[in-house]
Amino acid sequence: MATINMLEETANYLLNHCFLLGSVEDQRAKYLYVQDHLDEVRAVFAPLGYLVLLYPAPLQAAALVNGHEGSQARLLKYESILLLVLRLLYLQKRESLAVNADEVLVTVEEVQTELQKMNLPRRLDQKTLENLMRTLRRYNLARPVGRLSGLDSRIEVFPTVLLALPDADLADAAAESGRTRTELGLYERADEAGEGEE
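Counting along the sequence shown from 1, when you hit position 194 you're at 194 in the numbering used here, and nothing is skipped either side.
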């Protein structure tokens with residue numbers, strides 16, 4: 001009976017959070033359950049069109065994935081931007097850490113520095129950052145370490161940022177963005193040419 005309860009608990013957790021991490025203490029038991037009972041967990045989600053993917057070390061993550069349009073989490077613009085920044089910082093920090101290090105920590109100052117490079121219309125204030133972090137924490141992408149009270153406050157970035165924004169998706173988005181800019185450039189040139197004819 002305990003196994004059925006663990007199956008239900010783990011399935012509900014995945015459904016609500018999308019990702020599970022073996023390196024996070026309060027999620028480790030669920031991750032190990034998925035690892036040891038992968039077929040059972042997959043059987044729960046298969047009729048709904050979901051896949052359960054297991055990523056061994058160094059990621060140590062389980063992911064619930066659904067390819068159907070409209071079933072993915074929708075992030076707000078600044079949540080997406082923050083996720084991109086955290087992914088970038090995660091990759092930078094990961095290179096400098098020891099192979100066996102589990103935690104990747106970034107400071108609010110490092111996040112703000114990367115955001116400033118983007119020339120965004122507004123600065124990310126503390127209240128907005130806290131709200132954005134709630135969403136990222138919900139999906140097990142990152143979490144604050146203590147309170148976000150100043151520039152030296154720290155954020156733990158989970159390896160799931162790599163799964164939430166895979167390289168292929170980023171390349172597709174960059175290509176689409178480039179195509180859109182090129183098309184806009186053509187429209188602008190056509191408008192300019194039309195103005196000269198009047």
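The beta-carbon is built from N, C-alpha and C at its ideal position, and this holds for glycine as well.
Sub-8 Å separation of residue i and residue j beta-carbons
| i | j | result |
| --- | --- | --- |
| L51 | V65 | yes |
| T135 | F19 | no |
| L165 | R87 | yes |
| D102 | S153 | no |
| L140 | H17 | Strictly speaking, residue 140 in this sequence is Asn, with Leu absent from that position. In this structure, H17 lies closer than 8 Å to N140 by Cβ. |
| V157 | L97 | no |
| Y31 | L21 | yes |
Reduced DSSP category for residue i - H, G, I as helix; E, B as strand; rest coil
| i | result |
| --- | --- |
| E103 | coil |
| Y90 | helix |
| L15 | helix |
| E138 | Reading off the sequence shown, one finds Arg at residue 138, where the question assumed Glu. R138 falls in the helix class under three-state DSSP. |
| L84 | helix |
| A63 | strand |
| A44 | For the record, residue 44 in the displayed sequence is Val; it is not Ala. Helix at V44. |
| L75 | coil |
| L97 | coil |
| V34 | helix |
| V108 | helix |
Euclidean distance between Cα positions of residue i and residue j
| i | j | result |
| --- | --- | --- |
| A142 | L148 | 13 Å |
| G146 | L115 | 22 Å |
| P47 | P121 | 44 Å |
| M118 | E110 | 13 Å |
| V41 | E79 | 30 Å |
| L14 | M133 | 19 Å |
| G49 | P144 | 33 Å |
| E8 | D26 | 16 Å |
| N5 | N12 | 10 Å |
| A43 | Q112 | 43 Å |
| S177 | L163 | Because the pLDDT of S177 is 48, which lies under 50, any placement of that residue in the model is unreliable, and the number read from its coordinates should be weighed accordingly. Approximately 21 Å between the Cα atoms of the pair. |
| V85 | Q60 | 22 Å |
| S75 | R137 | First, the residue type needs correcting, since residue 75 is Leu and not Ser in the sequence shown. Their Cα atoms are separated by approximately 13 Å. |
| D36 | Y55 | 13 Å |
| L53 | R123 | 37 Å |
| T10 | L82 | 28 Å |
| K77 | A63 | 23 Å |
| Q92 | F45 | 35 Å |
| A57 | G150 | 33 Å |
Interface flag, residue i vs chain C, CB-CB below 8 Å
| i | result |
| --- | --- |
| E95 | Among the chains of the structure shown, chain C does not appear; only one protein chain is present. |
### Query
Do the stretch 126–137 and the stretch 87–106 make contact, defined as three or more Cβ pairs closer than 8 Å?
no
### Message
Quick check for students: name the residue ranges of the beta strand (DSSP E) that lie wholly in the stretch 111–165, counting only runs of 3 or more.
### Response
142–145 and 154–157
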